[in-house]
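**Q** Mapping of the sequence shown onto the working numbering: position 249 corresponds to residue 249, and the numbering continues sequentially without gaps.
Even for Gly, the Cβ is constructed at its ideal location relative to N, Cα and C.
What follows is a single structure, and I will ask about it in a moment.
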Amino acid sequence: MPSTRRTDRTHPEAARAHLVPDSAVPLLIVLLTVAVVLAAAVAIAVGTVPVPLGDVVAVTWAHLTPGETERSLLYDQIVWDFRAPRVLLAGVAGAGLSVAGVCLQALVRNPLADPYLLGISGGASIGAALALSFVPAAIAGLGVSGAAFLGAVVSVALVVGLAQRAGRVAPGRLILAGVAVAYLGSAVTSYIQLQANPGELRGILFWVLGSVAAASWPDLAAPTVALVVCLLWLLVDGRRLNALTMGETSAAGLGIDVNRLRLGLLAVASLLTATIVSVAGGIGFVGLLVPHAVRLLVGPDHRRVIPVSLLLGAVFLILVDLLSRTLDRPNEMPIGIFTAVLGAPFFLWLLRSQSGAVR
1 MPSTRRTDRT
11 HPEAARAHLV
21 PDSAVPLLIV
31 LLTVAVVLAA
41 AVAIAVGTVP
51 VPLGDVVAVT
61 WAHLTPGETE
71 RSLLYDQIVW
81 DFRAPRVLLA
91 GVAGAGLSVA
101 GVCLQALVRN
111 PLADPYLLGI
121 SGGASIGAAL
131 ALSFVPAAIA
141 GLGVSGAAFL
151 GAVVSVALVV
161 GLAQRAGRVA
171 PGRLILAGVA
181 VAYLGSAVTS
191 YIQLQANPGE
201 LRGILFWVLG
211 SVAAASWPDL
221 AAPTVALVVC
231 LLWLLVDGRR
241 LNALTMGETS
251 AAGLGIDVNR
261 LRLGLLAVAS
271 LLTATIVSVA
281 GGIGFVGLLV
291 PHAVRLLVGP
301 DHRRVIPVSL
311 LLGAVFLILV
321 DLLSRTLDRP
331 NEMPIGIFTA
341 VLGAPFFLWL
351 LRSQSGAVR
């Protein structure tokens, strides 16, 4: 007897088994929201100078509400000036890279797509390396973040130009162009590193591998605004993203302008990745691992994948950053090292457990 279970007509994979039932997804979102808050509080409290959670709450409350509240000046500086911007930037970066990964995986219809597939990290690395070494005076007005963002924008423009065919973005050409630009960016950055002095080299290397160690409140503005704007656009277009996974012909048959949708996804992924890379460096693997893991949890429907990826990515990177600065205290290591070390084995396990699912 055929199954009468209802599925989303615009999503051919909606019936695939996943770990969390559809009815439990709202609860999962609530739990992940709580997890983000708890992870942030713990990350702010833990460090070379530990701060009691009660004082973390007191300092945060004092800064968010009018009026004077009695609190330790030392704890106030540690919590509000140093750790809170860092932890929040880690959360925003993890959320943004995860959402960018969802966009690119829908765009090229490949779960192995990554935000850095477009060569954005390579272009940003060139800009930052130049700002830190060869021509700091020429781009002093931009700063490292501005130079990195400019490099990212140039690399995206180059990739999109190379990926165009008859006025349309071809996913296959997009991947090839992104890989080529990424390798070019890596080669140029490596050359700059070879020419840099030891003091400059450490800064360049730390930035290329990703870090939120020097985060300040102004650093949060651009990636947060980009994340909010892109998220609103994506949540409205969740069903169209589902249709795109069926293929270009099927999506067009449903009345969707496929090229326009692809350009929108490309713009969202590029904006998110460029703004995050410009302030946090090349934090890899988050946008590859988190969306794929989320699909195992809640299925392929983008109306569920996007919010869950957002929250899980934030929790993941907050905890990874906490590990990077506490594992070998008082020394600190780039966060990108830990995302790869923690993510690669888990991702290989995912691939093995999904034999035949990724083609």
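(1) Take every Cβ of the stretch 103 to 115, pair it with every Cβ of the stretch 81 to 94, and state whether three or more of those distances are shorter than 8 Å.
(2) Compute the Euclidean distance between the alpha carbons of residue 326 and residue 260, then round it to the nearest angstrom.
(3) Are three or more beta carbon pairs between the stretch 120 to 135 and the stretch 89 to 98 nearer than 8 Å?
(4) Is it the case that the Cβ atoms of residue 147 and residue 166 are separated by a distance below 8 Å?
(5) Return the first residue and the last residue of the alpha helix (DSSP H) that residue 116 is part of.
(6) Give, in chain order, every unbroken run of the beta strand (DSSP E) that is at least 3 residues long and sits entirely within the stretch 26 to 60.
(7) Do the stretch 295 to 307 and the stretch 17 to 26 touch if we need at least three Cβ pairs shorter than 8 Å?
(8) To the nearest whole angstrom, what separates the beta carbons of residue 334 and residue 211, a pair I think is in contact under 8 Å?
(9) Using 8 Å as the cut-off, can you tell me whether the stretch 279 to 287 makes contact with the stretch 335 to 348, which would need three or more C-beta pairs spanning the two stretches below that distance?
(10) Give me the DSSP bridge partner(s) of residue 164.
(11) Using the three-state DSSP reduction, which class does residue 245 fall into: helix, strand or coil?
(12) With a threshold of 16 other CB atoms inside 10 Å of the CB of residue 54, please say whether the residue is buried or exposed.
(13) In whole angstroms, give me the CA-to-CA distance for residue 155 and residue 352.
(14) Tell me whether the stretch 255 to 275 and the stretch 179 to 188 touch, counting them as touching only if at least three CB pairs, one residue from each stretch, are closer than 8 Å.
(15) In this structure, how does DSSP classify residue 109 when only helix, strand and coil are distinguished?
(16) Could you have a look at residue 153 and say whether DSSP puts it in helix, strand or coil?
(17) From the DSSP output, in three-state form, read off residue 330 for me.
(18) Alpha carbon to alpha carbon, how far is residue 225 from residue 234? Give it in angstroms, no decimals.
(19) In angstroms with no decimal places, state the Cα-to-Cα distance between residue 160 and residue 38.
(20) Take residue 206 and list the residues in its own chain whose beta-carbon comes closer than 7 Å to its own, dropping the five residues that flank it on each side.
(21) Rounded to a whole number of angstroms, what is the C-alpha to C-alpha distance between residue 12 and residue 242?
(22) Can you list, in chain order, the residues of its chain whose CB lies under 8 Å from that of residue 369, leaving out five sequence neighbours each side?
(23) Could you tell me whether the Cβ atoms of residue 102 and residue 305 are closer together than 8 Å?
(24) Confirm, please, whether the CB-CB distance from residue 82 to residue 274 is below 8 Å.
(25) Could you compute how far the alpha carbon of residue 35 sits from the alpha carbon of residue 74?
(26) Apart from the five residues on each side of it in sequence, which residues of its chain come closer than 6 Å, Cβ to Cβ, to residue 151?
(27) Compute the distance between the beta-carbons of residue 182 and residue 119, then report whether it is under 8 Å.
(28) Indicate the three-state DSSP secondary structure (helix, strand or coil) for residue 19 in the structure shown.
(29) Which value, in whole angstroms, describes the spacing of the CA atoms of residue 50 and residue 66?
(30) Quick check: residue 203 and residue 132, are their CB atoms within less than 8 Å of each other?
(31) In chain order, what residues of the same chain have a beta carbon less than 6 Å from the beta carbon of residue 138, not counting five sequence neighbours either side?
(32) Measure how close the beta-carbons of residue 45 and residue 318 come, nearest whole angstrom, since I'm counting them as under 8 Å.
(33) Measure the beta-carbon distance from residue 80 to residue 57 and round it to whole angstroms, keeping in mind my assumption that it falls under 8 Å.
(34) Just the Cα atoms here: how many angstroms apart are residue 180 and residue 349?
(35) Below 8 Å on the Cβ atoms is my contact criterion, and I expect residue 271 with residue 230 to pass it. Report the Cβ-Cβ distance as a whole number of Å.
**A** Reading it off the structure:
(1) By the Cβ test, the stretch 103 to 115 is not in contact with the stretch 81 to 94, since fewer than three Cβ pairs between them sit closer than 8 Å.
(2) Annotation: residue 326 to residue 260 spans about 45 Å, alpha carbon to alpha carbon.
(3) Contact fails: fewer than three Cβ-Cβ distances are below 8 Å.
(4) Result no, Cβ atoms of residue 147 and residue 166 do not sit closer than 8 Å.
(5) For residue 116, there is no enclosing alpha helix (DSSP H), as DSSP marks it with neither H nor E.
(6) Runs found: none.
(7) Because the criterion of three Cβ pairs below 8 Å is met, the stretch 295 to 307 and the stretch 17 to 26 touch.
(8) A Cβ-Cβ distance of about 5 Å is found for the pair residue 334 and residue 211, placing them in contact under the 8 Å criterion.
(9) Taking a cut-off of 8 Å for Cβ pairs, the stretch 279 to 287 and the stretch 335 to 348 touch, as three or more such pairs fall below it.
(10) Paired residues: 169.
(11) Residue 245 falls in the coil class under three-state DSSP.
(12) Under this definition residue 54 is an exposed residue.
(13) If you take the alpha carbons of residue 155 and residue 352, they lie about 34 Å apart.
(14) Using a Cβ-Cβ distance cut-off of 8 Å, the stretch 255 to 275 and the stretch 179 to 188 are not in contact, since fewer than three pairs of beta carbons, one from each stretch, lie closer than that value.
(15) Residue 109 carries a coil assignment under DSSP once its states are collapsed to helix, strand and coil.
(16) The answer is helix: DSSP assigns residue 153 an H, G or I state.
(17) It is coil, neither helix nor strand.
(18) Near 14 Å, if we compare the C-alpha coordinates of residue 225 and residue 234.
(19) Residue 160 and residue 38: Cα-Cα distance of roughly 40 Å.
(20) For residue 206, where only same-chain residues beyond five positions count, the Cβ hits under 7 Å are 334.
(21) Residue confidence for residue 12 is low, a pLDDT of 42 falling below 50, so the modelled location carries little weight; the figure read from the coordinates is stated next. When rounded, the distance between both Cα atoms is 8 Å.
(22) Residue 369 lies beyond the range of the chain shown here (1 to 359); nothing can be said about it.
(23) When the beta-carbon positions are compared, residue 102 and residue 305 come within less than 8 Å of each other.
(24) Not closer than 8 Å, so no.
(25) Their backbone Cα atoms lie some 27 Å apart in a straight line.
(26) So the list reads 123, 124, 126, 127, once near-sequence residues are dropped.
(27) Yes. Within cutoff.
(28) Here residue 19 sits in coil by DSSP.
(29) In a straight line, the C-alpha of residue 50 is about 26 Å away from that of residue 66.
(30) Cβ distance < 8 Å, so residue 203 and residue 132 count as in contact.
(31) Note on residue 138: pLDDT 49, under 50, position unreliable in the model; the coordinate value appears next. Excluding sequence neighbours, residue 138 sits near nothing in its chain.
(32) The Cβ separation is near 12 Å, so there is no contact.
(33) Between residue 80 and residue 57 a beta carbon distance of about 12 Å is seen, past the 8 Å cut, so the two are scored as non-contacting.
(34) Those two C-alpha atoms are separated by around 28 Å.
(35) So it is a contact: roughly 6 Å between Cβ atoms.
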